[in-house]
Amino acid sequence: STKVIIVGAGNLGTAITNYPGFANYNIEIVGIFDNDPNKIGKRIGDLVVLPMDYLERVIKKFNVEIGVICVPKESAQEVANILVENGIKAIWNFAPTFIKVPEEVIVRNEDITSGLLSLKHMLEVKDQRIRKD
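Residue numbers are given in full-length UniProt numbering: position 35 of the sequence shown equals residue 35, and the series is strictly consecutive.
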């Protein structure tokens, strides 16, 4: 299976960790990390939130290839650097900022705002068409 880790144990990181659909595609979340002492040690599904110090060990132990960034934009680049330094080959970035990584690292940026704005725009266009007819 493809092993994945998540950095950021807030609402979004928790929701992604708990999402059952990944198993259907042979994707396994093997670790979730945070630097907030109030979140470290908290259970999320079958996992326990670990401090960032454990990230390297988990990546090596499970041969993790994908990292998911669910942190504020101020921390995103630092997290991306740590992931890349530890051999992560692909990053799914939910932070509302673009991250810089080496050419060989694949990044998928998810911009939640633009996704919603796009839907809003499509609705407005549809409503205008209905009014014209």
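Positions of the beta carbon are idealized from the N, C-alpha and C atoms, including for glycine.
In the structure shown, F33 adopts extended strand secondary structure according to DSSP, grouped into three states. For N18, the secondary structure class from DSSP, reduced to helix, strand or coil, is helix.
Under the three-state reduction of DSSP, K3 is assigned to strand. DSSP places V68 inside the beta strand (DSSP E), whose first and last residues are I66 to I69.
Judged by pairs of C-beta atoms under 8 Å, the region 96-109 does not touch the region 17-25, as fewer than three such pairs exist. In the three-state reduction of the DSSP assignment, E28 falls in the strand class.
For N24 and S1, the gap between their C-alpha atoms comes out near 11 Å. Pairing F33 with L47 gives a Cβ-Cβ distance that is not under 7 Å. Assigned with DSSP and collapsed to three states, V101 falls in coil, not helix or strand.
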